[in-house]
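Participant: The sequence shown begins at 5 in the working numbering and counts up one residue at a time.
Here it is, the structure, as structure tokens.
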Amino acid sequence: MTRHASKLLAAAFLAVIMALTMVIMPVFAQDAPAERVPASTAEISFTFAPLVRQASPAVVNVYTEKNVSQRGMTLEQLMFGVAPQSRVQNSLGSGVIVAADGIIVTNNHVIQGADTFRVVLSDRREYAAELLLGDERTDLAVLKIDTEGERLPVLPFADTRDAQVGDLVLAIGNPFGVGQTVTNGIISATARTDVGINDYSFFIQTDAAVNPGNSGGALINTRGELVGVNTAIFSRTGGSVGIGFAIPAEMVKRVVDAAVNGGTFVRPWLGLAAQSVSFDIAKAQGLTRPVGVMVTEVYPGGPAERAGLRRGDLVTAIDDREVFDEKGLKFLAAIRNPGEQAKLSVLRGGRNQTINVRVEPPPGATAADVVLRTNGSVFNGARVIELSPRLAEETGLDPFTRGSGIYVH
5 MTRHASKLLA
15 AAFLAVIMAL
25 TMVIMPVFAQ
35 DAPAERVPAS
45 TAEISFTFAP
55 LVRQASPAVV
65 NVYTEKNVSQ
75 RGMTLEQLMF
85 GVAPQSRVQN
95 SLGSGVIVAA
105 DGIIVTNNHV
115 IQGADTFRVV
125 LSDRREYAAE
135 LLLGDERTDL
145 AVLKIDTEGE
155 RLPVLPFADT
165 RDAQVGDLVL
175 AIGNPFGVGQ
185 TVTNGIISAT
195 ARTDVGINDY
205 SFFIQTDAAV
215 NPGNSGGALI
225 NTRGELVGVN
235 TAIFSRTGGS
245 VGIGFAIPAE
255 MVKRVVDAAV
265 NGGTFVRPWL
275 GLAAQSVSFD
285 IAKAQGLTRP
295 VGVMVTEVYP
305 GGPAERAGLR
315 RGDLVTAIDD
325 REVFDEKGLK
335 FLAAIRNPGE
345 QAKLSVLRGG
355 RNQTINVRVE
365 PPPGATAADV
375 VLRTNGSVFN
385 GARVIELSPR
395 LAEETGLDPF
405 TRGSGIYVH
């Protein structure tokens with residue numbers, strides 16, 4: 005074939021392609037939806053209103069009163085024989101209805117030390133409330149109101165294992181006592197520890213505005229589920245700066261269940277002490293990043309020892325949820341009921357293995373452990389008891405400290 009013939013053939017081929025393109029392109033153009041300008045503001049608006057209408061009736065205001073007696077007497081009272089006066093101290097916060105028969109959860113610091121409790125519903129009805137459980141170490145409290153058979157709206161518990169950084173959330177509460185207020189934001193962190201709020205520091209962090217009075221209120225997701233109970237803020241001014249903390253719903257549910265089923269929250273216990281893993285430790289263990297906690301102590305006869313855990317073991321996860329410090333480990337154990345199994349992912353000697361530990365209440369002292377001091381010392385008449393894991397747990401002491409605690413009667 006001559007060069008001239010080749011050029012003619014190529015030109016003909018190109019012409020056919022162009023013709024096909026002209027035929028096909030209109031077909032595609034017809035199939036593609038035409039862009040349309042929204043006809044009304046309703047078509048371009050984004051609103052949380054339906055979600056708020058659904059969730060807000062389950063968020064309440066909590067008011068407390070405490071009778072404070074006067075300390076000492078003034079000169080005028082002494083001279084004229086006037087009795088010391090007492091005054092009423094008021095405080096306020098928020099709460100969440102979690103059971104239709106009037107079970108309400110709030111923060112312990114909202115009700116701590118109060119003599120009377122009042123709950124105001126979103127429709128402004130007021131009820132006297134009974135305290136079922138107040139737990140200082142989790143900073144959660146459970147109240148009960150008598151609805152005389154009326155079923156109240158509730159917020160269902162979210163599965164906070166599904167919560168992710170970036171999820172949209174709403175905070176509902178009563179900031180500064182101005183009335184029910186809704187703010188929005190995102191989840192900023194899902195496992196924030198070491199913020200110095202309580203002994204089970206494992207919080208969901210949010211940038212939704214949370215202010216004084218929001219304590220005990222709801223942090224909800226876009227499905228209207230309770231993600232957490234708003235508890236604290238980090239602020240140098242006392243107002244919101246976009247760093248708020250909520251107790252995860254899984255811990256809230258444990259405390260509520262305990263309140264309803266007996267009024268005592270029993271903290272499960274693994275029977276070990278641990279420390280965070282540094283980069284150097286992680287590198288020595290063959291890890292590419294610091295993760296997990298290293299077991300430093302195993303309580304003799306405790307759940308961890310019976311399950312086969314040893315000093316030097318590296319616990320990287322509980323039930324496939326990574327841990328990074330002892331507070332996270334303690335929290336993930338505490339959300340289980342005593343007697344349940346916790347699946348620990350353990351790195352030992354460069355090999356990964358799974359060890360199931362049955363979490364239990366910490367063993368406590370028995371009557372035989374109590375000794376009455378009668379030796380004429382400064383502790384004469386005091387009752388002395390050996391420090392047990394249960395006593396250490398309740399007082400915040402180190403259960404691995406061997407010794408005696410003293411109760412003075």
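Glycine is no exception: its CB is placed at the ideal position from the N, C-alpha and C atoms.
All of these numbers come straight from a predicted model, not from anything done at the bench.
#1: Assign residue 335 to one of three DSSP states: helix, strand, or coil.
#2: Under the assumption that residue 157 contacts residue 253 (Cβ atoms under 8 Å), give the Cβ distance between them as a whole number of angstroms.
#3: In terms of residue numbering, what span does the beta strand (DSSP E) encompassing residue 360 cover?
#4: Anyone know if the C-beta pair for residue 307 and residue 270 falls short of 8 Å?
#5: On the three-state DSSP scale, how would you describe residue 180?
#6: Please classify residue 160 as buried or exposed, where buried requires at least 16 other C-beta atoms within 10 Å of its C-beta.
#7: Would residue 289 be called buried (16 or more neighbouring beta carbons within 10 Å of its own) or exposed?
#8: With three or more beta-carbon pairs closer than 8 Å as the criterion, would you say the segment 132 to 147 touches the segment 255 to 271?
#9: Which runs of the alpha helix (DSSP H) spanning at least 4 residues fall entirely within the segment 106 to 187, listed in chain order?
#10: Please identify the residue among 121, 127, 51 whose C-alpha is closest to the C-alpha of residue 134.
#11: Tell me, which residues are paired with residue 318 by DSSP?
#12: Apart from the five residues on each side of it in sequence, which residues of its chain come closer than 8 Å, Cβ to Cβ, to residue 324?
#13: Return the first residue and the last residue of the beta strand (DSSP E) that residue 223 is part of.
#14: I'd like the list of long-range same chain contacts for residue 131, defined as Cβ closer than 6 Å, with 5 residues on each side in sequence excluded.
#15: Tell me, please, whether the segment 208 to 223 touches the segment 111 to 120 by the rule of three or more beta-carbon pairs shorter than 8 Å.
#16: Find out if the Cβ-Cβ distance for the pair residue 249, residue 235 is shorter than 8 Å.
#17: What first and last residue would you give for the beta strand (DSSP E) that runs through residue 276?
#18: DSSP has residue 326 in a bridge; who is on the other side?
#19: So, under 8 Å CB-CB, residue 297 and residue 279 are touching, yes? Tell me the CB distance rounded to an integer number of Å.
#20: Cutting at 7 Å between CB atoms, please list the residues of its own chain near residue 293, excluding the five before and the five after it.
#21: If I follow the unbroken alpha helix (DSSP H) through residue 233, where does it start and stop?
#22: Measuring only the C-alpha atoms, how far is residue 103 from residue 225?
#23: Thinking C-beta only, is residue 299 closer than 8 Å to residue 315?
#24: Per DSSP, residue 66 forms a beta bridge with which residues?
#25: So what does DSSP say about residue 247, is it helix, strand or coil?
#26: Per DSSP, what kind of secondary structure is residue 258 in: helix, strand or coil?
#27: From the DSSP output, read off the bridge partner residues of residue 210.
#28: Which residue comes first and which comes last in the alpha helix (DSSP H) that contains residue 104?
#29: Any idea if residue 53 is buried or exposed, counting beta-carbon neighbours within 10 angstroms, 16 or more meaning buried?
#30: Starting from the Cα of residue 183, find the closest Cα among 233, 169, 128, 197 and give me that residue.
#31: How long is the line joining the alpha carbons of residue 244 and residue 58, rounded to whole angstroms?
Facilitator: Taking the definition as stated:
#1: helix
#2: At roughly 17 Å, the Cβ-Cβ gap does not stay under 8 Å, so residue 157 and residue 253 are not in contact.
#3: 355 to 362
#4: no
#5: helix
#6: exposed
#7: buried
#8: yes
#9: 112 to 115
#10: 121
#11: 298, 351
#12: 347, 349
#13: 222 to 224
#14: 123, 149
#15: yes
#16: yes
#17: 276 to 280
#18: 321
#19: 6 Å
#20: 286
#21: Where residue 233 is concerned, there is no enclosing alpha helix (DSSP H), although the beta strand (DSSP E) it sits in stretches over 230 to 237.
#22: 18 Å
#23: yes
#24: 97, 123
#25: coil
#26: helix
#27: 191, 248
#28: That residue, residue 104, is in no alpha helix (DSSP H); it is neither H nor E in DSSP.
#29: exposed
#30: 128
#31: 26 Å
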